[in-house]
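The structure under discussion appears below in the form of structure tokens.
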Amino acid sequence: MKNLITTFRKQSFSRRYAPHHPDAPLLELEGISVRYETGTVLDQISFELSHGMAVAVVGPNGAGKTTLFKVLAGIRDPDQGLVRVFGHEPGGHTCIAYVPQRSQVDWSFPATVADVVMMGRINKMGPFLWPQKDDWEVVRRSLDFVNLGAYAQRQINELSGGQQQRMFIARALAQEAELMLLDEPLNGLDVPAQEKILEILDTLKGRKVAVMISMHDLRLAAEKFERVMLLNKVLLGYGPPAEVFTPDLLKQAYHGHLHFIEGNYDTLAVGDECCDGDHHDYY
Amino acid sequence: MTLWLLAMNAVMETTMTIIDLLITPLNYSFMVRGLSAAILTGIVCAVVGVYVVVRGMAFFGDALAHSILPGVAVGYLITGGSREPMFWWGTGTAVLVSLAIGAVSKGARIKQDTAIGIIFAGMFALGIAIISTVKSYTVDLTHFLFGDVLGVSGNQLLLIGVFSALILLLVIAFYKEFLVLTFDPTLAATLRIPVRMFEYLQLVLIALTIAVSFQAVGVALMVAMLVTPAAAAYLLTKRLPVMMILAAVIASASGVIGLYLSYYVNVASGPAIVLVATLFFLLAWSYAVIKKRMILQA
């Protein structure tokens with residue numbers, strides 16, 4: 003009886019969200035511009051993204067990466083242009099997960115790892131309902147997927163940086179996200195921790211989850227992603243790394259802050275900007 | 208054998224004395240009402256205070272408590288000191304000021320704590336100015352500032368009960384929305400939860416809590432009831448719901464112990480309750496420090 007009531011409440015009261023148009027691409031942008039008082043942050047951005055694609059978004063600090071993600075997540079309206087997620091405006095979707103930078107989270111908050119992952123599901127529970135058994139089951143599976151099953155009952159500040167980032171990926175899974183936007187998840191992590199996260203993101207392809215990840219390491223982006231995006235207010239390039247990371251385009255993106263060293267086999271691009279986890283994007 | 212009987216007798220007598228000490232005050236109906244009010248307001252303050260602590264809104268809570276003084280003072284003047292109208296005036300003012308602070312801190316160029324400071328001091332001064340027009344104002348002002356839980360009337364207790372139940376119901380009903388909003392407002396936005404609405408609702412809940420508890424500890428000590436039990440509970444647990452329950456237990460225990468202390472040691476009830484709560488916090492803090500040491504050593 004109790005189950006029946008729960009099911010009834012979940013189905014009849016949960017909010018209706020924007021539907022997914024079957025023929026529409028996951029993501030479609032047409033001439034997106036965003037301006038702040040300090041100036042233009044994004045200028046005429048247009049691109050498309052389909053299911054299960056992974057894109058590394060690269061650009062200097064202040065290039066508008068975070069702003070772009072916020073527009074895609076539907077939490078900031080563009081001043082100009084059109085965004086379509088499965089054929090509808092992003093603001094009506096709950097299938098987009100925004101994974102925040104670790105520095106923007108209060109890690110002393112009294113919550114366990116499982117509690118935080120559960121947060122991704124709260125709009126699926128219906129009003130006034132607390133998490134049910136099946137919700138906790140989803141949480142458990144999501145944590146197992148990112149290899150954090152053993153940490154479910156830990157307080158969140160007991161996790162290492164890489165584990166914290168994986169917890170947020172689990173939360174996005176619990177949210178049943180079809181597009182994950184990860185804002186500089188590799189910042190401040192050591193190489194093994196970075197590798198683990200990239201591995202997990204790779205397995206997401208099998209789940210048809212699309213991933214956009216902003217990062218600073220050009221070499222890593224070229225190595226691990228079939229598709230990269232070079233951004234600095236305007237969209238300078240979008241496609242395979244070999245086509246996008248050309249000295250010409252990179253110079254346009256990084257201006258004087260990038261130097262090229264000719265090696266025996268290859269050209270090495272060296273940036274003199276420091277990526278210390280500080281946040282320089284405009285809000 | 209006789210020795211054993213004597214010992215038993217002594218134990219029995221001590222127990223009886225303690226029970227006697229606990230029961231005697233309950234012969235006074237004002238004491239019963241006071242205890243009920245202290246427990247109710249303790250629970251509500253503690254539960255809502257958990258949000259105040261984890262969001263770092265202690266200054267907001269303190270300011271809001273002080274800002275209800277003009278409302279209370281107007282109610283007091285109009286009715287010549289009757290208590291229930293003061294409750295409604297206090298409630299109205301608290302809700303209005305909380306929404307005003309919410310609105311001001313959103314758009315203005317002034318920093319939030321500055322804005323709160325301006326509203327807080329201005330309203331507090333207005334309240335004292337209004338009360339000072341009455342001749343016998345010092346006695347009443349003391350009650351407003353430091354509470355008079357033993358002066359709670361039957362009707363007032365009923366109001367406190369109804370509003371406490373309402374506040375707790377809202378906290379339970381929107382538990383998950385408030386949780387996400389408090390921890391990660393961006394997630395709340397991507398899950399399409401009406402963030403603005405819940406932010407204001409949280410402010411209104413704090414305002415109602417202050418209006419309900421105003422009589423117990425007064426405006427000057429209110430922030431202690433919001434913050435101290437919740438902070439003590441924060442040191443003892445790693446989960447929000449547990450923190451709420453622990454805080455409620457600590458707060459109601461402080462209320463009861465404080466009132467008995469006030470009865471027997473003859474100190475003012477509001478400060479007694481706050482002092483007991485502070486003691487609980489110190490205990491929790493020592494526990495946390497010792498626990499940390501032991502973990503570091505192990």
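Going down the list, the sequences are from chains A and B.
Take 3 as the starting number for the first sequence in our numbering and just add one per residue.
Take 208 as the starting number for the second sequence in our numbering and just add one per residue.
Every residue gets a Cβ at the ideal spot worked out from N, C-alpha and C, and that includes glycine.
Item: Neighbour list for B/T444 in chain A, Cβ cutoff strictly below 7 Å; Value: P112
Item: Cβ-Cβ separation, B/A491 to B/L443 (assumed contact under 8 Å), whole Å; Value: 6 Å
Item: Environment of B/M219 [buried if 16+ CB atoms lie within 10 Å]; Value: exposed
Item: Where B/E406 meets chain A, residues with beta-carbon distance less than 8 Å; Value: In chain order: nothing, as chain A lies at least about 15 Å away.
Item: Close-in-space but distant-in-sequence residues of the same chain around B/Y283 (CB under 6 Å, 5 per side omitted); Value: M293
Item: Contact the stretch 415–435 of chain B vs the stretch 259–277 of chain B: 3+ CB pairs below 8 Å; Value: yes
Item: Contact with chain B by A/D283, beta-carbon distance below 9 Å; Value: At A/D283, the pLDDT of 37 sits below 50, so the modelled position is not reliable and the matter cannot be decided from this model.
Item: Own chain residues within Cβ distance below 6 Å of A/Q103, not counting five before or after; Value: D185, E186
Item: Of the listed residues B/L276, B/A458, B/L233, nearest to B/D347 (C-alpha basis); Value: B/L276
Item: Within chain B, partners of A/D136 - CB distance below 7 Å; Value: The contacting residues do not exist; A/D136 stays about 15 Å from chain B at best.
Item: Option in B/S339, B/I308, B/I335, B/T340 with minimal Cα separation from B/I325; Value: B/I308
Item: Presumed contact (8 Å Cβ cut-off) between A/H53 and A/K226, rounded CB distance; Value: Actually they do not touch by this definition, with Cβ atoms about 19 Å apart.
Item: Within 9 Å, strictly: CB atoms of A/V287 and A/A176; Value: Nothing can be reported for residue 287 of chain A, as the shown portion of chain A is limited to 3 through 285.
Item: Cross-strand partners of A/A212 (DSSP beta bridge); Value: A/L181
Item: Cβ contact check for the stretch 397–407 of chain B and the stretch 238–256 of chain B: 3 or more pairs under 8 Å; Value: no
Item: Min CB distance B/I452 to chain A below 9 Å; Value: no
Item: Local Cβ density within 10 Å of B/N362, reported as buried at 16 or more and exposed below that; Value: exposed
Item: N-terminal and C-terminal residue of the alpha helix (DSSP H) that A/A20 is part of; Value: Premise fails: A/A20 is in no alpha helix (DSSP H) and is neither H nor E.
Item: Meets three-Cβ-pair contact criterion under 8 Å: the stretch 415–422 of chain B and the stretch 115–129 of chain A; Value: no
Item: Chain D residues whose Cβ lies nearer than 7 Å to that of B/Y382; Value: Considering every chain present, this structure includes no chain D. Its protein chains are A and B.
Item: Where B/T397 falls: helix, strand or coil (DSSP); Value: helix
Item: Beta-carbon proximity of A/L51 to A/L28, cut-off 9 Å; Value: yes
Item: Beta-carbon contacts of A/G164 that lie in its chain and below 7 Å, excluding the five residues immediately before and after; Value: L191, A195, K198, I199
Item: Any chain A beta carbon closer than 9 Å to B/Y344; Value: no
Item: Element boundaries [beta strand (DSSP E), containing A/G83]; Value: 82–87
Item: Where the beta strand (DSSP E) through A/M121 begins and ends; Value: First-last for A/M121: 115–121, but that is the alpha helix (DSSP H), not the beta strand (DSSP E).
Item: is_contact[A/Q157, chain B] using C-beta, thresh 9 Å; Value: yes
Item: Alpha carbon of A/S16 to alpha carbon of B/M451, nearest angstrom; Value: In this prediction, A/S16 has a pLDDT of 46, which is less than 50 and means its spatial position is unreliable; nothing more can be read from the coordinates.
Item: Residues of the stretch 390–403 of chain B with Cβ closer than 8 Å to any Cβ of chain A, in chain order; Value: F390, D391, T393, L394, A396, T397, L398, R399, I400
Item: Candidates B/V302, B/L486, B/I230, B/V279: closest to B/Y407 by CA position; Value: B/V302
Item: Cutoff 9 Å: A/N125 Cβ touching any chain B Cβ; Value: yes
Item: Per-residue contacts from B/L386 into chain A (C-beta, under 7 Å); Value: M121
Item: Min CB distance B/L193 to chain A below 9 Å; Value: Because chain B in this structure spans residues 208 to 505, residue 193 of chain B falls outside the shown range and cannot be described.
Item: Of the listed residues A/V107, A/Q106, A/L220, nearest to A/P249 (C-alpha basis); Value: A/L220
Item: Through-space distance from B/V261 to B/T389, alpha-carbon basis; Value: 8 Å
Item: For A/Q157, the three-state DSSP class (helix, strand or coil); Value: strand
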